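Participant:
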Amino acid sequence: MQLEVRGLSKSYGFAWALRDIDLELHGGDSVALLGPNGAGKTTLLKALAGLLRPTSGEIRFNGTSLRQGSARLRSTIGLLSPNDHLYEKLTAEENLRLFFALYSRKEKNGDIRGALDAAGLADWSGEYVAALSSGMKCRLSIAKWLLLEPKLLLVDEPYGVLDGGGVDLLEDQLKNVCRSGGIVVMATHDVTRAAAFCSRAVILRRGKLVFDEAKRRPWESFYSAVDEYRPRGEAWPS
Amino acid sequence: MTEIEQKRRPGKILGVLALLSVAAGLYFALIKAPPDAYQGEVQRIMYIHIPSILTAYLSFFIVFVGSCLYLWKRERRDDILAYAAAEIGVLFTALTIVEGSIWGKPTWGVWWTWDARLTLTALLLMIFVGYLMLRSLIEDPERAAVSGAVLGIIGFLDIPLIHMSVYWWRTLHQPPSILRPDKAPWDNVHPSMLIALAINFIAFLLLYFYLLSLRIRVGETEERIRTKTLEGAA
Amino acid sequence: MRWTNIDREEKHGLPEPDRLLLWKDLLLELRRRESLLAMFFFGALLLFIFHFALDVRPEKAADMAPGLLWLAVVFCGTLGLMQLFQAERENRCLEALLLSPIDRAVIFVSKVFFNLILMVMLEIVIFPLFWVLFNLTAWDRLPMIFLYGLLGTVGFCVVGTLFSALTLGARGREILLPLLLLPMLIPVVLATIRGIEIVLQAGDFSEALPWLHLLIGFDVIFSTAGILVFEWIVEP
């Protein structure tokens, strides 16, 4: 699995959201995408998910351009955004069933029940999503991507809503993706957790990639980069 | 001559040609051509009414072409073309309605009638205006351009259907005998009337393309400003 | 239609993803009850208002019936169109659908069918109600009129769904949607009203054939166009 981003830029009217992003990721990478609010993290994740048409530049998966990518390519990309992508008036189980079927997976041996159990939502499977708390909705999303087994899993700021058990669940899931040769890109504000979990860190600032470091080198350079690029008066990192 | 002045030259030539041909058209329409046997002087407005409506339909066709090209290639200049054609199209369509109304008052005694032609022109105006409104009410400029392009295509596909339905509506229901404008009001066509019509038709085309080129230039300037701003951004 | 699902079952003519999304929409409508009830009540209200505003006498009723009936359907339908993508707007579910491997046109087709089902249910109530309120006696003509109206409803649903999606991101959507939609629907409006008129008077379709062909042509052209362009409407 190889993800290549070349010269990716996205403009909205008179402003840039992303500017000349170059990135190369390989199977097994877990990347922490850091940066202050408005840096473009969510925009980058959406571009990688194929939900945005870039103004210029290219994204390639194993050599195939995302734009020419088929439905099969799309089915290997996941975007985990807490509180999003779930139908409020469908139950937890119905949501999973719907997406499972949309991705043309055939259920065997109670996959869906199993995923709900693993996410700790067995008792809530018949409840409407509207009745779930944000933490539980996030767990449901994790269960969804557990079922759909993406090769590229993009995660947008999960740590805010998850409790301790939820965090473990998430990180187990992410480790599984990496172990099976997939790539994880996680946008987060939680620098400490990111440093602990991810193999690589990337910092975005005002749409530009200002730091891209594999964990091969000691992490001092990473922390000094965080200090250098932290905007004055900004509260991050926590 | 500077680069900008050189670029402006074809536009200026077009403008001068347009002005001359409009003047010639007016001369032929108002002076050279004889008054109509039935309608008298009022008929003269047809010399600009017919070119007006034809130019309005041409404009919509250009919106259609620009929209198709934009969806295919995503080049800004196609979108600028489509938008410019829509704006100038609104102008000519509104002009057509006013002219039709002015012709209608002495002929039928009323400012408006629901005959096929006027109704169709009014509908065309509404579609044009809808296009412009959609574009201005969507925040993201790129989404606005794409949505506008789709609307341009769908609108164009609908025009023949609207035509057929409105004409049938008006003919399958014979209204009491009023002078019907879709029957050409001239039986004996005097050659100088044809000449007057032809000259005015050319004049209107030139005028239309001149105005279109001006509007496109505005659009291109806006786009240049936007690109420069983006390039200069930190 | 093109999609590259790994398995594809076709039952009852509708392929799997379309049926899934249609089922999802029907289920949500049952639970949220946003569209259908509002459309029913608004329709009944409109019929009342027509009677007061236009002082519809029994002698005139049969003449005005086609126009008023179809007008009521169109206004109620527009109400339904505003709500059509509501479930997808919450929690950004439209993104979730775009992320999935389904063809974009599938979203279009399933929404058109969903809208069609809602409108048919509306018409099943409104048509007879109209007959009762306006003291019309031609009950035997009603089934044929209903069938004819179905063709018009298909045209309404196809173009309406397109425009509902087109105006999703626009400000002032409540005004913009009808403003864009109604001029486009003139062929459907004229063809349906004239056709119903003819059926009401003559009892059969034979004189209404040109209008019938126009309706069918409209439905075919815009269904095809809709399937082709829909991906550009929703794509990022």
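Residue numbers (my numbering), protein chains in the order written: chain A, 887 to 1124; chain B, 1032 to 1265; chain C, 612 to 847.
Glycine is no exception: its CB is placed at the ideal position from the N, C-alpha and C atoms.
In this text the structure is predicted, and so the values were computed from the model without any measurement.
1) Step through the CB atoms of chain A and report whether any lies within less than 8 Å of the CB of Lys671 of chain C.
2) For the candidate residues A:Leu889, A:Pro922, A:Arg1065, A:Leu938, whose alpha-carbon lies nearest to that of Thr950 of chain A?
3) May I ask you to verify whether the stretch 935-950 of chain A touches the stretch 1041-1048 of chain A, counting CB pairs closer than 8 Å and requiring at least 3?
4) Curious, which full-length beta strand (DSSP E) runs of at least 3 residues does the stretch 1071-1140 of chain B contain?
5) Closest Cβ-Cβ distance between Val840 of chain C and chain B: below 8 Å?
6) Taking Cβ-Cβ distances shorter than 9 Å, what residues in chain C pair up with Asp970 of chain A?
7) Going straight from the alpha carbon of Glu1253 of chain B to that of Asp1110 of chain B, what length do you get?
8) Can you name, in chain order, every residue of its own chain whose Cβ lies under 6 Å from the Cβ of Ser1098 of chain B, other than the five neighbours on each side?
9) Give the C-beta separation of Ser961 of chain A and Tyr989 of chain A to the nearest angstrom, bearing in mind that I take them to be a contact with Cβ-Cβ under 8 Å.
10) Please go through the same chain and pick out, in chain order, the residues whose beta-carbon is closer than 8 Å to the beta-carbon of Leu641 of chain C, but skip the five residues on each side of it.
11) For the candidate residues B:Ala1064, B:Gln1070, B:Ala1049, whose alpha-carbon lies nearest to that of Ala1227 of chain B?
12) Would you decide whether Arg1246 of chain B is buried or exposed? Buried here means 16 or more other CB atoms lie within 10 Å of its CB.
13) From Thr748 of chain C to Leu1188 of chain B, what distance separates their C-alpha atoms?
14) Could you name the residues of chain A that Arg1257 of chain B contacts, counting a contact when the two beta carbons are closer than 8 Å?
15) Quick check: is the beta carbon of Glu1253 of chain B nearer than 8 Å to any beta carbon in chain C?
16) Alpha carbons only, please: which of A:Leu919, A:Ala901, A:Leu952 is nearest the one belonging to Val891 of chain A?
17) Taking only three categories from DSSP, how would you classify Gly943 of chain A?
18) Determine the chain C residues that contact Ser961 of chain A at a beta-carbon separation under 8 Å, and present them in chain order.
19) At a Cβ cut of 9 Å, what residues of the stretch 627-640 of chain C count as close to chain A, listed as they run along the chain?
20) Pull up the distance between the alpha-carbon of Thr835 of chain C and that of Leu638 of chain C, whole angstroms please.
21) Nearest-angstrom Cα distance between Leu930 of chain A and Asp1171 of chain B?
22) Specify, as a first and last residue, the run of the beta strand (DSSP E) that Asp915 of chain A falls within.
23) Is the number of C-beta pairs between the stretch 1154-1168 of chain B and the stretch 784-801 of chain C that are closer than 8 Å three or more?
24) What are the residues that DSSP puts in a beta bridge with Gln888 of chain A?
25) Report the residue from C:Thr803, C:Arg644, C:Leu658 whose alpha carbon sits nearest the alpha carbon of Ile746 of chain C.
26) Note down the Cα distance separating Met693 of chain C from Gly783 of chain C, rounded to an integer number of angstroms.
27) So for Lys1037 of chain A, helix, strand or coil by DSSP?
28) Comparing alpha-carbon positions, which option in C:Ile735, C:Trp634, C:Leu744, C:Gly806 lies nearest His824 of chain C?
29) Can you find a CB in chain C that lies within less than 8 Å of the CB of Val1047 of chain B?
30) Against chain A, does Leu1261 of chain B count as a neighbour if the rule is that its beta carbon must be under 8 Å from one of theirs?
31) Under the rule that 16 or more other beta-carbon atoms within 10 Å means buried, what is Met1224 of chain B, buried or exposed?
32) The beta strand (DSSP E) that contains Arg1091 of chain A, what's its start and end?
33) Taking the continuous alpha helix (DSSP H) assigned at Gly654 of chain C, which residues delimit it?
34) So with CB distances below 7 Å, who are the chain A contacts of Pro1065 of chain B?
35) Of all the residues that make up the stretch 1162-1180 of chain B, which are near chain C by a beta-carbon distance shorter than 8 Å?
36) Tell me the rounded alpha-carbon separation between Pro940 of chain A and Arg1079 of chain A.
Facilitator: Result, derived from the coordinates:
1) When Cβ-Cβ separations below 8 Å define contact, Lys671 of chain C makes no contact with chain A.
2) The shortest C-alpha separation from Thr950 of chain A is found at A:Leu889.
3) Taking 8 Å as the limit for Cβ pairs, the verdict is that the stretch 1041-1048 of chain A does not touch the stretch 935-950 of chain A.
4) The qualifying runs do not exist here; there are none.
5) True, the Cβ-Cβ gap to chain B drops below 8 Å.
6) Ordered by position in chain C, the residues that pass the 9 Å Cβ test against Asp970 of chain A are Asn702, Arg703, Cys704, Glu706, Ala707.
7) Straight-line Cα distance between these residues: approximately 12 Å.
8) Counting only Cβ-Cβ distances below 6 Å, and skipping sequence neighbours, we find Ala1113, Ala1180, Gly1183, Ile1184.
9) About 5 Å; that satisfies the 8 Å criterion.
10) Excluding positions up to five away in sequence, the list is empty.
11) That would be B:Ala1064, whose Cα lies nearest to the Cα of Ala1227 of chain B.
12) With a 10 Å radius around the Cβ and a threshold of 16 neighbouring Cβ atoms, Arg1246 of chain B comes out buried.
13) A straight-line Cα-Cα distance of about 40 Å links Thr748 of chain C and Leu1188 of chain B.
14) Arg1257 of chain B reaches chain A at Gly899, Phe900, counting residues in chain order whose Cβ is nearer than 8 Å.
15) So no, Glu1253 of chain B is outside the interface.
16) Ranking A:Leu919, A:Ala901, A:Leu952 by Cα distance to Val891 of chain A puts A:Leu952 first.
17) If DSSP states are grouped into helix, strand and coil, Gly943 of chain A belongs with the strands.
18) Correct list: Ser711, Pro712.
19) Against chain A - using a Cβ distance shorter than 9 Å - the residues of the stretch 627-640 of chain C are Glu627, Pro628, Leu631, Leu632, Trp634, Lys635, Leu638, Leu639.
20) CA-to-CA, the gap between Thr835 of chain C and Leu638 of chain C works out to about 27 Å.
21) If you take the alpha carbons of Leu930 of chain A and Asp1171 of chain B, they lie about 17 Å apart.
22) Where Asp915 of chain A is concerned, there is no enclosing beta strand (DSSP E), given that its DSSP letter is neither H nor E.
23) These segments touch.
24) Answer by DSSP bridge pairing, in chain order: A:His912.
25) The question names Ile, but residue 746 of chain C in the sequence shown is Asn. Comparing Cα-Cα distances from Asn746 of chain C to each of C:Thr803, C:Arg644, C:Leu658, the minimum goes to C:Leu658.
26) Each residue's alpha carbon lies about 12 Å from the other.
27) Here DSSP, grouped into helix, strand and coil, assigns Lys1037 of chain A to coil.
28) Taking only the C-alpha atoms, the option nearest His824 of chain C is C:Gly806.
29) No, no contact with chain C.
30) At a cut-off of 8 Å between beta-carbon atoms, Leu1261 of chain B makes contact with chain A.
31) Here Met1224 of chain B is buried, its C-beta having at least 16 other C-beta atoms within 10 Å.
32) Where Arg1091 of chain A is concerned, the enclosing beta strand (DSSP E) stretches over 1086-1091.
33) Here the alpha helix (DSSP H) through Gly654 of chain C covers 647-665.
34) Going along chain A, no residue has its Cβ under 7 Å from Pro1065 of chain B, so there is no contact; the nearest lies around 57 Å.
35) Listed by position along the chain: Met1164, Leu1165, Leu1168, Ile1169, Glu1170, Asp1171, Arg1174, Val1177, Ser1178, Ala1180.
36) Cα to Cα, the separation comes out at about 30 Å.
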